[in-house]
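A short worksheet on the structure shown next.
Residue numbers (this note's numbering), protein chains in the order written: chain A, -14 to 53; chain B, 743 to 1094; chain C, 382 to 628.
See the structure below:
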């Protein structure tokens, strides 16, 4: 069991994290717009998250913290 | 103190060593080659570092890194090399970094020639690179004067955190004179701004930089520079006078040219006229008030330079309408002789 | 259940957001360098040199003493620092316009002197900060604002493979080309960066890690398309791997 925490306000919506998530549980939340003007990323099913850190390793803006 | 017979260029290098300079970066160009050559064997003797850089650009940027790291550093060149260094000098002025830069002037423009000249006056005193900045500029009149000014330049560069230029010419660099070079302990200044690795967390993180993307912040940065320059103009002016009393013709010249004029004054008699000599030592800050004061009561002023008349502009600004200003200059690496300067003065005497 | 933090921002990066465009991989490279410095225990003896280019503000990001160099001059500035502080860890962070064009003399001669520094060369095949002009590393056919129809080999010549150029210099000790497009390549890049810093601390001399990086904005692509283009087109011209080790 893992857990990802996003600093939503700092997300630039680049989708690079989505491309490396093995569980494909990350997506852009189009219902939200952050102060930077981007739709931030969100996790659709935290129960599936293994805390593998791939998303955090890929994120160029270091907005992801991973817990296990 | 022991008097030594030394070439100007070598004396400049030794004066720097005796002022605590342990880093020199340079690139060969005539007529200043004895400076890097001297440092190349002298610095290792005192645990210092000499690097023959890939270019003048490389050299001045090594100075940036070393100065930013808190150490005394020097580079030297001649006109074409100073043009290349202009970028780095502007960055160092912008980043408040001390450095001593020697320019042993040769005749330009372009490749010009290796003979002496004073045609880099405007480049040195009006900035030379981009942006609103100035460098301290000192013009030695001989080898001892070069030694004294190099040592002063290190202290002043440190005190004001800015580049200082020794504006010599081929004559100063190449001539030999008896000279005394004493050890000069560096003035004590705070260098906690230097990058040394951030062990001491009591000081802020050191960042050496001239970038400021917020216009109001960059303007404030500039205003601070200007305030520094204003203070320097008020307190760092240097000049010499000779034979001023009762003189009616005032000659203004700097560097080796002023030496020639002393000879002209000493060796010649001008019927009914007496010649005074005003020699600016600091070319920036320029001794404006002092020169104006010196021209009071004089019938005319003659500016002599090895250029088309560069310092002439500053003389005219300083003198205003106090006295008429005349000019005599030689270019192309020709040194005006005492005789020809005397002939010029004679002509003025006839006019008066 | 107690949770352990297994991935966080390294202390060697200051807590300020990067100004980089969405999907630009500069941020990943910043993190890798910061992590390596931290893991090697070099945080308080590191002095970095920032370039001119997109990463001009690197001095705002790395939490150590920094100097900001003029365009292309970082290796000369780093030389001036390292000669004063021989025990310090000195690195430059330079882009391809900075290192492969205006700063070729400085980088080549820093290597020739075998200056004991680490150079992190970020190659994204374009001038990003000035708006996407053609770089010395722009691929043939690649569009840029000064090669609107694609780089024409006839007029602009071929792009420079800097790592191969540098490897030809006797004084260069370690040269490797890496990329940062997925987890595996990022881990490889980190190993190379760490190796470069270790070699410096062992006094081996000059080392350079070339990191292929994306510029989605300059390339006119989405970040994901940019990653794909890098993996295929860039790697095709700039082969990855160790280029030189030892001298």
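No residue lacks a Cβ here, since even glycine has one placed at the ideal position from N, Cα and C.
Q | Boundaries (first-last residue) of the beta strand (DSSP E) holding residue 997 of chain B | A | Residue 997 of chain B -> not in any beta strand (DSSP E); alpha helix (DSSP H) instead, spanning 997 to 1009.
Q.
Taking 7 Å as the limit between beta carbons, can you name the residues of its chain near residue 996 of chain B, skipping five residues before and five after?
A. Counting only Cβ-Cβ distances below 7 Å, and skipping sequence neighbours, we find 881, 1021, 1022, 1025 and 1053.
Q) Helix, strand or coil for residue 597 of chain C per DSSP? A) helix
Q.
Just to confirm the assignment, what range does the alpha helix (DSSP H) spanning residue 888 of chain B have?
A. Unbroken alpha helix (DSSP H) run through residue 888 of chain B: 885 to 902.
Q.
Any beta carbon from chain E within less than 8 Å of residue 619 of chain C's own beta carbon?
A. Among the chains of the structure shown, chain E does not appear; the protein chains present are A, B and C.
Q | Test: residue 418 of chain C CB closer than 8 Å to a CB of chain B | A | no
Q: Under 6 Å Cβ to Cβ from residue 855 of chain B, same chain only, skipping five residues before and after it: list those, please.
A: 849 and 1075
Q) Hey, how far is the Cα of residue 18 of chain A from the Cα of residue -1 of chain A? A) Spanning the two alpha carbons is a distance of roughly 14 Å.
Q) From residue 618 of chain C to residue 520 of chain C, what distance separates their C-alpha atoms? A) 8 Å
Q) Taking 8 Å as the CB-CB limit, is residue 803 of chain B close to chain C? A) yes
Q. How about residue 831 of chain B: is its Cβ closer than 7 Å to a heavy atom in the ligand ATP?
A. Absent from the structure shown: the ligand ATP. Ligands present: none.
Q. By the criterion of Cβ-Cβ separation under 9 Å, what are the contact partners of residue 407 of chain C in chain A?
A. 45
Q. Whose CA, out of B:987, B:936 and B:1029, lies closest to the CA of residue 977 of chain B?
A. Nearest of B:987, B:936 and B:1029 to residue 977 of chain B, Cα basis: B:1029.
(Q) For a test of the three-state rule: what should DSSP assign to residue 588 of chain C, helix, strand or coil? (A) strand
Q. Taking Cβ-Cβ distances shorter than 8 Å, what residues in chain A pair up with residue 344 of chain C?
A. Nothing about residue 344 of chain C can be read from this structure; chain C reaches only from 382 to 628.
Q) Between the Cα of residue 1071 of chain B and the Cα atoms of B:1085, B:876 and B:853, which residue gives the shortest distance? A) Comparing Cα-Cα distances from residue 1071 of chain B to each of B:1085, B:876 and B:853, the minimum goes to B:1085.
**Q.** Distance between residue 1036 of chain B and residue 794 of chain B (C-alpha atoms, nearest Å)
**A.** Pairing residue 794 of chain B with residue 1036 of chain B, the inter-Cα distance amounts to about 45 Å.
Q.
Per DSSP, what are the beta-bridge partners of residue 767 of chain B in this structure?
A. B:793
Q) Which partner residues of residue 905 of chain B appear in the DSSP bridge assignment? A) B:841
Q: Under 7 Å Cβ to Cβ from residue 24 of chain A, same chain only, skipping five residues before and after it: list those, please.
A: -2, 13, 14, 15, 17 and 18
Q) In three-state terms, what does DSSP make of residue 399 of chain C? A) coil
(Q) Quick check: is the beta carbon of residue 951 of chain B nearer than 8 Å to any beta carbon in chain C? (A) yes
Q) When the Cα atoms are used, what is the spatial distance from residue 584 of chain C to residue 11 of chain A? A) 45 Å
Q: Please decide whether residue 1017 of chain B counts as near chain C, where near means a Cβ-Cβ distance under 8 Å.
A: Answer no: the Cβ-Cβ gap between residue 1017 of chain B and chain C never drops below 8 Å.
Q: Please classify residue 831 of chain B: is it buried, with 16 or more other beta-carbons within 10 angstroms of its beta-carbon, or exposed?
A: Here residue 831 of chain B is buried. Its C-beta has 16 or more other C-beta atoms within 10 Å.
Q) residue 809 of chain B and residue 839 of chain B look like a contact to me (Cβ under 8 Å); what is the Cβ gap, rounded to whole Å? A) 4 Å
**Q.** beta strand (DSSP E) segment containing residue 472 of chain C, residue limits
**A.** 470 to 476
Q | chain A contacts made by the stretch 463 to 479 of chain C, where a contact means CB separation under 8 Å | A | Cβ contacts with chain A: none found.
**Q.** Three-state secondary structure (DSSP) of residue 867 of chain B
**A.** helix
Q. Residue 36 of chain A touches chain C at which residues, Cβ-Cβ below 7 Å?
A. 387
Q: Count the other CB atoms, across all protein chains shown, that sit within 10 Å of the CB of residue 783 of chain B; report buried if there are 16 or more and exposed otherwise.
A: exposed
Q | Cβ neighbours of residue 480 of chain C in the same chain (closer than 6 Å, five flanking residues each side left out) | A | So the list reads 488 and 502, once near-sequence residues are dropped.
Q. Which stretch, first to last residue, makes up the alpha helix (DSSP H) that contains residue 503 of chain C?
A. Careful: residue 503 of chain C lies outside any alpha helix (DSSP H), inside the beta strand (DSSP E) at 499 to 504.
**Q.** Run of the beta strand (DSSP E) containing residue 451 of chain C, from where it starts to where it stops
**A.** Counting along the chain, residue 451 of chain C falls outside any beta strand (DSSP E), and DSSP gives it neither H nor E.
Q. So residue 846 of chain B packs on residue 950 of chain B, CB below 8 Å; how close in whole Å?
A. Separation of the CB atoms of residue 846 of chain B and residue 950 of chain B is rounded to 28 Å, and the pair is thereby denied contact status at 8 Å.
(Q) Against chain B, does residue 435 of chain C count as a neighbour if the rule is that its beta carbon must be under 8 Å from one of theirs? (A) no
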